[in-house]
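J.: Here it is, the structure in full.
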Amino acid sequence: MNNEINILEISENETKTSVALGMFDGLHLGHAEVIKTALSVPDFSLTPAVFTFNSLPKAAESIMTAGMKFALLKSMGIKSICAPEFETVSSLSAEEFVDEILVDRMNAGRVTCGWNFKFAKGAKADTDDLKRICAERGIEVVVIPPIIIDGHPVNSTLIRELIRHGDIKTANLMLGRELMYELPVVEGGKLARRLGAPTINQNIPAECIIPKFGVYKSRVTYDVINYIAVTNIGVKPTVGGGISKPIMETHIPGFNTEVYGHTVKVKLLNFIREEKKFDSLDALKEQIQIDIKEACS
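Numbering-wise (our numbering), the sequence shown opens with residue 1221 and increments by one.
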C-alpha cells in the first residue's frame, strides 16, 4: 500500500501530525476553514499535513489542477501532503483507511474534515464513522460546520454548477478568491490580431471544468504586473464554422509583449455575454471593441 502513496515535502512523518482530510477541489472557503483548523495547533506539537488526491474520481471535473492545489496548500502553511491517485485507496474499508493512511503513513494525532466528508469504499463512511474509529486509536477528530453563503452551504459541486452557468461572481465569492487558470500560452491563428485585438491563447486542461462559453472580464498577471483584460472561452463559431476543442483567448488592452510558451495567470471576474456567431468579421470586430470597453469600465 505505501509504495502507491505520493508524499510531497516529507517522506515519512516521525512526529505526530494534524491532518486535514478532503478532496480540496477548488480550495473554497469551507476547505480553507478545514486547513486553518489543521494549522491551529497552539503548542506546535503537531506537524500540519494534508491527505488529498492527485486526481479526482473518473469523470469528475476539477476546479483547479493538482499542481495549483498543491501550491496553494503549501502557501497556506501545510508541511506534508499525502496525495495518492484516487483509485489506489478507493477500495479501502473505513478501518483500513484510518489504520493504513492516518495511523501508519501519516502518524496522525488529530484529524480535521468538513461536515460532509465521506470516505472508504463506495464513500459509505461519514464523519460519525471517522470519529468512532479514530477515538479507538487515540486520534482527535474535528468536524468543521458548513460555511453558508446566500442560504447555501459552500461546496465544490455547487461551485462547479455556478461556473458551468457563468455565475463567476458567486463562484468567486464561495471560493474566497477569483477563479484562476495558470497555463502556458500557445500559438493561435492570429485572427484576433487582424481584428485589432491580439490575444494570448491557452488550452484549459482536459480534467478541468470548462466555464460557460462566452466573454468574461478578467485579470491577467504577468511578470508580477496585473492587467484588466477580456477573455473569451469557446469554439469561435464565427470563424470557418468554429473549432472542436474550446480555447481560452484573452485580450489585454495595451499589452504588446510576446509571451508564447510562458505561463500566464488569468482570473475570471465577471460574465459579460454569451458566445455567439456573427454574420461577418466586421460585426465580430465591432463587438470585440464593445466587450473591451465594458471590461475596462
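Each residue gets a CB set at the ideal place from its N, CA and C atoms; glycine is no exception.
Below 8 Å, how does it come out for the stretch 1278 to 1286 and the stretch 1318 to 1338: are there three or more Cβ pairs, yes or no?
T.: Counting Cβ pairs under 8 Å, fewer than three are found: no touch.
J.: With C1516 as the anchor, note down where its alpha helix (DSSP H) starts and where it stops.
T.: Here the alpha helix (DSSP H) through C1516 covers 1501 to 1516.
J.: Buried or exposed: where does D1370 fall if 16 or more other Cβ atoms within 10 Å of its Cβ makes it buried?
T.: Answer is exposed; the Cβ neighbour count stays below 16.
J.: If you draw a straight line from the alpha carbon of G1434 to that of D1245, how long is it in whole angstroms?
T.: Between G1434 and D1245, the C-alpha separation is close to 24 Å.
J.: Residue ranges of each alpha helix (DSSP H) run of no fewer than 4 residues wholly in the stretch 1263 to 1335, ordered along the chain?
T.: The qualifying runs are 1286 to 1295.
J.: At the level of alpha carbons, what is the spacing between M1221 and I1388?
T.: Summary for M1221: the model assigns pLDDT 39, below 50, so the residue's position carries little reliability, and this model does not support an answer.
J.: Quick check on the DSSP output: the beta strand (DSSP E) that includes R1451 runs from which residue to which?
T.: Note on residue identity: the sequence assigns Thr, not Arg, to residue 1451. Unbroken beta strand (DSSP E) run through T1451: 1445 to 1454.
J.: Going by DSSP, which residues form a beta bridge with C1354?
T.: DSSP lists no partner for C1354.
J.: Inspect the beta-carbon positions of N1274 and F1317 and report whether they are closer than 9 Å.
T.: No.
J.: What number of angstroms, rounded off, separates the C-alpha of E1494 from the C-alpha of L1393?
T.: C-alpha separation (whole angstroms): 21 Å.
J.: Report yes if the CB atom of R1439 is closer than 9 Å to the CB atom of A1449, and no otherwise.
T.: Yes. Within cutoff.
J.: Do I1424 and L1403 have their C-beta atoms closer together than 9 Å?
T.: Going by C-beta atoms, I1424 is nearer than 9 Å to L1403.
J.: Skipping 5 residues on each side, what residues in its chain have a beta carbon closer than 7 Å to that of Q1253?
T.: The sequence shown places Glu at residue 1253, rather than the Gln named in the question. Correct list, in chain order: I1364, I1367.
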